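Written below as structure tokens is the structure these notes are about.
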Amino acid sequence: MLNWNYLTLRQKLGGALGVVFCVLVILALFRYTTPDRTPPIGLPLVILGWLLHPGIFTYGKQKVTWRGAPLLVKIVWAAAITALLVSVTAGVGRMLG
Numbered sequence: 075m076l077n078w079n080y081l082t083l084r085q086k087l088g089g090a091l092g093v094v095f096c097v098l099v100i101l102a103l104f105r106y107t108t109p110d111r112t113p114p115i116g117l118p119l120v121i122l123g124w125l126l127h128p129g130i131f132t133y134g135k136q137k138v139t140w141r142g143a144p145l146l147v148k149i150v151w152a153a154a155i156t157a158l159l160v161s162v163t164a165g166v167g168r169m170l171g
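Numbering (the working numbering), first residue to last: 75 to 171.
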């Protein structure tokens with residue numbers, strides 16, 4: 075989605091709906107998760123970063139990789155990795171505690 079000018083209308087609509095869906099899922103997870111638990115927002119953030127990557131809607135040999143990702147996508151993916159680690163650590167802590 076970061077190459078917005080080069081996308082077709084169908085790709086723009088699909089990408090925009092995907093981004094809106096991910097943001098709504100993240101907001102719902104924060105709202106409906108009980109206060110003593112960590113919201114599991116890691117996977118929606120990974121998907122959001124994937125949708126923002128310029129290589130997702132291109133055809134050919136370009137792939138979705140960390141190396142070819144813009145800084146915004148890297149920040150979203152790093153936040154997703156951190157959220158996944160925090161969520162897993164909190165879950166294991168609850169299991170052992």
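Note that the Cβ used here is the ideal one computed from N, Cα and C, for glycine as well. Owing to the predicted nature of the structure, the values given are computational and were not obtained by experimental measurement.
- When the Cα atoms are used, Val162 and Asn79 turn out to be separated by approximately 39 Å.
- Here Ile115 really is in contact with Ala157; their C-beta atoms are around 5 Å apart, less than 8 Å.
- In the three-state DSSP reduction, Thr82 falls in the coil class, being neither helix nor strand.
- Comparing alpha carbon positions, the residue from Thr132, Met169, Leu126 and Phe131 closest to Ile149 is Leu126.
- At least 9 Å separates the beta-carbon of Thr107 from that of Val160.
- Counting the other CB atoms within 10 Å of its CB gives Trp151 a total of 16 or more, which places it among the buried residues.
- In the three-state reduction of the DSSP assignment, Phe131 falls in the coil class.
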